[in-house]
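Following: one structure in structure tokens, then a few remarks.
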Amino acid sequence: MVSVMEDPTLERHFKGHKDVVSCADFSPNNKQLATGSCDKNLMIWNLTPKARAFRFVGHTDIITGVHFSPKWFLSGIIIQRPDRLTVDAQKGESTVFKAHTANVRSVQFSNDGQRLVTASDDKSVKVWGVERKKFLYSLNRHTNWVHCARFSPDDRLVASCGDDRTVRFWDTSSRQCINIFTDYVGSATFVDFNSSGTCIASSGTNLVLKHLTCICLAVHRTGVNCFSFHPSGNYMISGSSDSTMKILDLLEGRLIYTLHGHKGPVLAVAFSRDGDLFASGGADSQVLMWKTNFDLLNYRVLLSRHINDNRSFNFGPLIPQDVRSHDSATSCRDQSISGPGRTHMRPREEEDEDQQERLAGDMTTSREERSGIPSSLTSNLENIVRQLDILTQRLTLTEDKLRTCLDNQVLLLQQTQQVDGSDTPNSSIFLF
């Protein structure tokens, strides 16, 4: 039976940072959570019960980014210092080398774990080799600070965004900018791909899903600082300066949850690699870990399993074996009635009716014996299915009304922003 989607619940509350929590990331094995802070410390939280947490000290400035490598189990820590990039290995060792000529804003490992991409206030995006800790190439087309840069799941593209109000897409093989989006009201603060690479989102303007059509949806009252895609690609969580987190259903393009827990701006959100957990950090120095409780069972997978089960179920021959014995007995009985010198034949219509009754009774008995499901239970299940159809129709009508209300809210927000001017902070997300 498909489980009903439950509300997200707070699982654990981590205390250890003394200043703003700026970044977070789960390890590939989902056993650890790394967080960076403005207190210049990196914390590794073990998710197993009663396990110790580890504090990495030694940074001399704010930690603004952290990311685990899927292959080398490294965490890349970006410190807000002009020329330093530190990569902490699993044993706690670190390597420092020159990175940028201005503050580094974000870091991410490629999916094969061989490269790093960094974004900086020097208006550049740089790609590095991890194994040799070597600079590979630079991507220079931004005209202002670059806040974020991310690899696509196949590592063929890099997406970047910044204070020049653009989102740029780069081909890693040709090292050229292949596309640019400029329809932004303010700075673009964050950008990322979903797990399949079919959708790209950026925070800073209205929520727009760009496939064949565009759908706009405002989600926060103030600026969006971060977001994270669920591994299934069906959901996304965003953190905002309004101290809330919003969970969006990307399949239907609507808001499904608003979470409260932080006492200030939410600056970091991250789903675990299996999607069962997500973490959040903010200006209140808190690290909160939540259980998603999402229904991960894909309906199409369930339907295919149901079809396969029906195909593999052996109903046996359409005409039971004992029907042949009935036919032979009937023919013998007819022959015994027909004696010498006299002919007594049963009407053909009567024989057909008797045979159809026997076939129907035998097939009904055979199906009930094989399936083991009483007819009363079958009728009850059919009644439940009809009631569920009615509930589905009512929910659809309710969703349509809510969508109309949300559209009206978007129009009101746009009118308010036009009246207030262009200095109003961005409060939504951009999906391509």
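Numbering (the UniProt record's numbering), first residue to last: 1 to 432. Note that the Cβ used here is the ideal one computed from N, Cα and C, for glycine as well. Fair warning: this is a prediction, and the values are worked out from it, not measured in the lab.
Contact check, residue i vs residue j under 8 Å by CB: the rounded distance?
{"i": "V191", "j": "C226", "result": "About 11 Å; that fails the 8 Å criterion."}
{"i": "D39", "j": "H17", "result": "6 Å"}
{"i": "K291", "j": "E11", "result": "5 Å"}
{"i": "A279", "j": "A270", "result": "5 Å"}
{"i": "V224", "j": "L248", "result": "Contact doesn't hold; Cβ gap of about 11 Å is too wide."}
{"i": "V21", "j": "V287", "result": "6 Å"}
{"i": "P265", "j": "S243", "result": "6 Å"}
{"i": "S195", "j": "P231", "result": "5 Å"}
{"i": "T9", "j": "C23", "result": "In fact, because the Cβ distance is near 24 Å, the residues do not count as touching under 8 Å."}
{"i": "A53", "j": "I62", "result": "Wrong, their Cβ atoms sit about 20 Å apart, outside the cutoff."}
{"i": "Y137", "j": "V130", "result": "Not really, about 15 Å apart at Cβ, beyond 8 Å."}
Tell me which residue opens and which closes the beta strand (DSSP E) that residue i is part of.
{"i": "V20", "result": "Here V20 belongs to no beta strand (DSSP E), and DSSP marks it neither H nor E."}
{"i": "F109", "result": "104 to 109"}
{"i": "L250", "result": "Counting along the chain, L250 falls outside any beta strand (DSSP E), and DSSP gives it neither H nor E."}
{"i": "W45", "result": "42 to 46"}
{"i": "D192", "result": "190 to 193"}
{"i": "I62", "result": "That residue, I62, is in no beta strand (DSSP E); it is neither H nor E in DSSP."}
{"i": "C148", "result": "146 to 151"}
{"i": "R141", "result": "Unbroken run through R141: none, as it is neither H nor E."}
{"i": "C38", "result": "C38 -> no beta strand (DSSP E), and no H or E assigned at all."}
{"i": "E11", "result": "9 to 14"}
{"i": "V219", "result": "Per DSSP, V219 belongs to no beta strand (DSSP E) and is neither H nor E."}
{"i": "S238", "result": "235 to 240"}
So the candidates are the options; which of them puts its Cα closest to the Cα of residue i?
{"i": "R141", "options": "F135, D155, S124", "result": "S124"}
{"i": "Q409", "options": "N41, S238, R221", "result": "R221"}
{"i": "S110", "options": "S22, T172, Q286", "result": "T172"}
{"i": "R132", "options": "G113, C148, R150", "result": "G113"}
{"i": "W145", "options": "V130, V167, V127, F135", "result": "V167"}
{"i": "N29", "options": "N293, S272, V287", "result": "S272"}
{"i": "R115", "options": "N41, A102, K134, T101", "result": "K134"}
{"i": "F181", "options": "W128, D389, A159", "result": "A159"}
{"i": "L42", "options": "I384, T64, T48, K31", "result": "T64"}
{"i": "R175", "options": "P153, S228, V117, V130", "result": "V117"}
{"i": "N46", "options": "F26, S37, I62, T60", "result": "F26"}
{"i": "Q108", "options": "L406, H147, D400", "result": "H147"}
{"i": "K15", "options": "E6, K31, R55, F151", "result": "R55"}
{"i": "D155", "options": "T378, D163, F169, R394", "result": "F169"}
{"i": "D7", "options": "S240, Y257, Q387, E399", "result": "Y257"}
{"i": "N293", "options": "L277, S285, G281", "result": "L277"}
{"i": "K246", "options": "I200, T189, M289, L259", "result": "L259"}
Going by DSSP, what residues sit across from residue i in a beta bridge?
{"i": "W128", "result": "L116, F135"}
{"i": "Q32", "result": "N46"}
{"i": "I200", "result": "F193"}
{"i": "L255", "result": "L248"}
{"i": "C405", "result": "Note: C405 sits in no beta bridge, so no partner."}
{"i": "D121", "result": "Answer is none; D121 lacks a bridge partner."}
{"i": "F227", "result": "S238"}
{"i": "F26", "result": "L33"}
Sequence ranges, beta strand (DSSP E) only - wholly within the UniProt repeat "WD" (259 to 291), length at least 3
As summarised for the UniProt repeat "WD" (259 to 291), the continuous beta strand (DSSP E) elements at least 3 residues long and confined to that stretch are 266 to 271, 277 to 282, 287 to 291, given in chain order.
Which whole runs of the beta strand (DSSP E) in the region 153 to 188 are 3 residues long or more, in chain order?
Qualifying beta strand (DSSP E) stretches, in chain order: 157 to 162, 167 to 171, 176 to 181.
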